[in-house]
Structure formats: C-alpha cells, structure tokens
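K.L.:
Sequential numbering from 1 applies to the sequence shown in full-length UniProt numbering.
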Amino acid sequence: MSSGTAKGLSEVTEVPRTRVYDAVRILEAKGLVEVQHSSPQQFRAVPLSEATETLRDQYEERVERLQSALREMGRIESDDDEAELQEVWSLSGSDAIENRAAAISEDATDEVVLVIGSEAILTDPLIAQLNSLDANTDLIVGTGSASIRDRVEQEIPRATAFLSALDWLHSEMTPEEDAAVGRLLLVDRSTMLVSSIDPQTGDEQAIFATGLRNGLIVIARRLLSQGVVEMTPLERD
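(1) Using 8 Å as the threshold, is the C-beta distance between R183 and E111 below it?
(2) Among T210, E53 and A120, which has the Cα closest to the Cα of P199?
(3) Assuming the contact rule is C-beta atoms closer than 8 Å, R158 and N131 should be a hit. Round their C-beta distance to whole Å, please.
(4) Determine the closest residue to V141 out of S164, A128 and L114, with distance taken between C-alpha atoms.
(5) Go through its chain and collect everything with a Cβ distance to K7's Cβ below 8 Å, but skip five positions before and after it.
(6) Please name the residue, chosen from G93, A101 and L126, that lies closest to T201 on a Cα-to-Cα basis.
(7) In or out: M73 buried (at least 16 other Cβ within 10 Å) or exposed?
(8) Mind checking I156: buried by the 16 CB within 10 Å criterion, or exposed?
(9) Starting from D138, follow its DSSP beta bridges and name the residues at the other end.
(10) Look up I48 in the DSSP assignment and say whether it is helix, strand or coil.
(11) Taking just the CA atoms, how far does L55 sit from R65?
(12) For L163, which of helix, strand or coil comes out of DSSP?
(13) What's the gap between the Cα of S10 and the Cα of S105?
(14) Tell me whether S10 sits in a helix, a strand or coil according to DSSP, three-state version.
(15) Could you tell me if residue 245 is buried or exposed, where buried requires 16 or more neighbouring beta carbons within 10 angstroms of its beta carbon?
(16) Tell me, please, which residues DSSP counts as bridged to I197.
(17) Once the 5 residues before and after S195 are set aside, which same chain residues still bring their CB inside 6 Å of it?
(18) Less than 8 Å between the C-beta atoms of W89 and F162, yes or no?
(19) Any idea if residue 262 is buried or exposed, counting beta-carbon neighbours within 10 angstroms, 16 or more meaning buried?
(20) Does DSSP put T5 in a helix, a strand or coil?
(21) Going by DSSP, name the residue or residues bridged to E34.
(22) Decide if M173 is buried, meaning its Cβ has at least 16 other Cβ atoms within 10 Å, or exposed.
(23) From Y21 to E50, what distance separates their C-alpha atoms?
(24) Suppose you measure from the CA of A135 to the CA of E28; what does that come to, to the nearest Å?
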C-alpha cells in the first residue's frame, strides 16, 4: 500500500486497529513511517532506500556503542598462569569458528598449518584472509582431496599446498556419518582449532586449545607432521 489509514491497515493485515496505532508509533519513532495529520490520519512507509540507510545507521551506532562499552570493561587476570597456558574451549557455529580461526592465524609469527577436511570450509572470506597473512609467516594448507588442493593452489598462491597422507581427514559427508572433519588449524605449533561438521545439518562445532604442552596440541603436531612428511612428489602427481 502506498499509504493507508489505521482502519485500512487493520483490514489488510487482520491486526486490531489499536495494535496498528501502537506499531505505527514504534515505526515512526524509528524513522520508518511518515504520518499525515489529517482526519483520519494517513500513514505511509518511507522509501526503501531511506529505510535501509536509517536501519544501517542505527545498527552501526549500536555496534559502536557496544565496542566502546567492551573496550572500557576491566579485565580480571587469573592467578593461575599455567591454567591459561593449557586451556581448551569449545565453539559453535561456522561464523564464530571462522572468526576465531582468522584471529589466531593473524597473530601468527612463524607458521600457519591448515588442513581442510570439507570443501564447505574453503569460503571466499577464508581465502581472502589467508592471502592477507603476513608474508613472513609460512602458510601450509593440506587436504585429503585433490580437487580442494587444486583450488588452494589456484586461489591461495602464497600457500604451500599438499595432499595429506592421512586418508581419514577427508570423507564424504553422508547421513550415515556421525560427523566429518571440517578444519584442523595449528598456529605457531602452540595454538590449535579443530572442527567437525554434522552431515545432516551442516552445523560446525569446534574445540580451541592453547599451550605447547597441551595434550591435544602435541597430538595435532604429530599428526600433521606425519601427514606432511609422508607426502612425496609421486603422490602429489
């Protein structure tokens, strides 16, 4: 509707007229509805382009306020430094996992090793993030799939790509499988993130661990070393 009265809106939306007035007042306060003070009052939505900009401005303002509030929060340090060095945390959701993986990769000072178990992991943001890593940081990307390796070589030219000898890293996601390996990330041999993907829902779950002596990281280092060392030029071809 280009415009309408409360009665007209009520009939079209099947919302009681009193609720229409309440909704219009809220939308007007947000800058999304204009009111003509005639008798009866006429209401109309602002143009879509204006509404989009208004919502974007409000969203960005809220994000800025949130960032400012978080920066001002104090930090309470733990007395147990050893506990911080050997920590293990869990994460859920591809966005959160990708953001954490990007953050720990960008903190790398020596080496980033990433093993990709599912092509769903190789997103455009991940490719851009890996290409933007410090040039002094070694980037090694492995997979159990030749097609994924070929994509890595084409789209992440700075990476050393390898076809892992660890066959279990790559398996087709089928409903019969409990979970498939998503990504295994090891940064500077002391920070690790490993994820799995539910084949039925596509949901990604991960664990994040730090500490040179952390048992999970020790295992990951040995597995990745085995996967890299056992690769030969003949296997690659």
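Every residue gets a Cβ at the ideal spot worked out from N, C-alpha and C, and that includes glycine.
As the structure is a prediction and not an experimental result, all values here were calculated from the model.
P.N.:
Walking through what the data contain:
(1) Here residue 183 refers to the residue found at position 183 of the sequence shown. Here residue 111 refers to the residue found at position 111 of the sequence shown. No.
(2) For this step, residue 199 is matched to residue 199 along the sequence shown. Closest option to P199, Cα to Cα, is A120.
(3) The residue you call residue 158 lines up with position 158 of the sequence shown. The residue you call residue 131 lines up with position 131 of the sequence shown. The pair is a contact, with the Cβ atoms about 6 Å apart (cut-off 8 Å).
(4) Taking the sequence shown and counting its residues from 1, one reaches residue 141 at position 141. Nearest C-alpha to V141: L114.
(5) Numbered from 1 along the sequence shown, position 7 holds the residue referred to as residue 7. Taken in chain order, the residues that qualify are R17 and P40.
(6) Residue mapping note: residue 201 aligns to position 201 of the sequence shown, counting from 1. Checked all of G93, A101 and L126; the closest Cα to T201 is G93.
(7) Residue numbering aside, residue 73 sits at position 73 when the sequence shown is read from its first letter. Per the 10 Å Cβ criterion, exposed.
(8) Walking along the sequence shown from the start, residue 156 turns up at place 156. I156 is buried by the Cβ-count criterion.
(9) Working through the sequence shown from its first residue, we reach residue 138 at position 138. E111, per the DSSP bridge assignment.
(10) Against the sequence shown, residue 48 aligns to sequence position 48. Checking the displayed sequence, the identity of residue 48 turns out to be Leu instead of Ile. The answer is helix: DSSP assigns L48 an H, G or I state.
(11) Counting from 1 along the sequence shown, the entry for residue 65 is found at position 65. Counting from 1 along the sequence shown, the entry for residue 55 is found at position 55. Taking the straight line joining both Cα atoms gives about 15 Å.
(12) Counted from its first residue, the sequence shown places residue 163 at position 163. L163 falls in the strand class under three-state DSSP.
(13) The residue given as residue 10 occupies position 10 in the sequence shown. The residue given as residue 105 occupies position 105 in the sequence shown. Roughly 54 Å separates the two Cα atoms.
(14) The count along the sequence shown starts at 1 and reaches residue 10 at position 10. Correct three-state label for S10: helix.
(15) With the chain running from 1 to 237 in the structure shown, residue 245 is simply not present.
(16) Position 197 of the sequence shown holds residue 197. Looking at the DSSP assignment, I197 forms a beta bridge with A180 and E204.
(17) Residue 195 sits at position 195 when you count from the first residue of the sequence shown. The answer, listed in chain order, is I97, G182, R183, E204 and A206.
(18) By one-based count along the sequence shown, residue 89 stands at place 89. By one-based count along the sequence shown, residue 162 stands at place 162. Not closer than 8 Å, so no.
(19) As shown, the chain starts at 1 and ends at 237. That puts residue 262 outside it, with no answer to give.
(20) As a working note, residue 5 is residue 5 in the sequence shown. T5: coil per DSSP, three-state reduction.
(21) For this step, residue 34 is matched to residue 34 along the sequence shown. Paired residue(s): R44.
(22) The residue given as residue 173 occupies position 173 in the sequence shown. Note that M173 has pLDDT 49, beneath the 50 cutoff, so the model's placement of it is unreliable and no number is given.
(23) In the sequence shown, residue 21 corresponds to position 21, counting from 1. In the sequence shown, residue 50 corresponds to position 50, counting from 1. About 22 Å.
(24) One-based indexing of the sequence shown puts residue 135 at position 135. One-based indexing of the sequence shown puts residue 28 at position 28. Looking at the two C-alpha atoms, the distance is approximately 51 Å.
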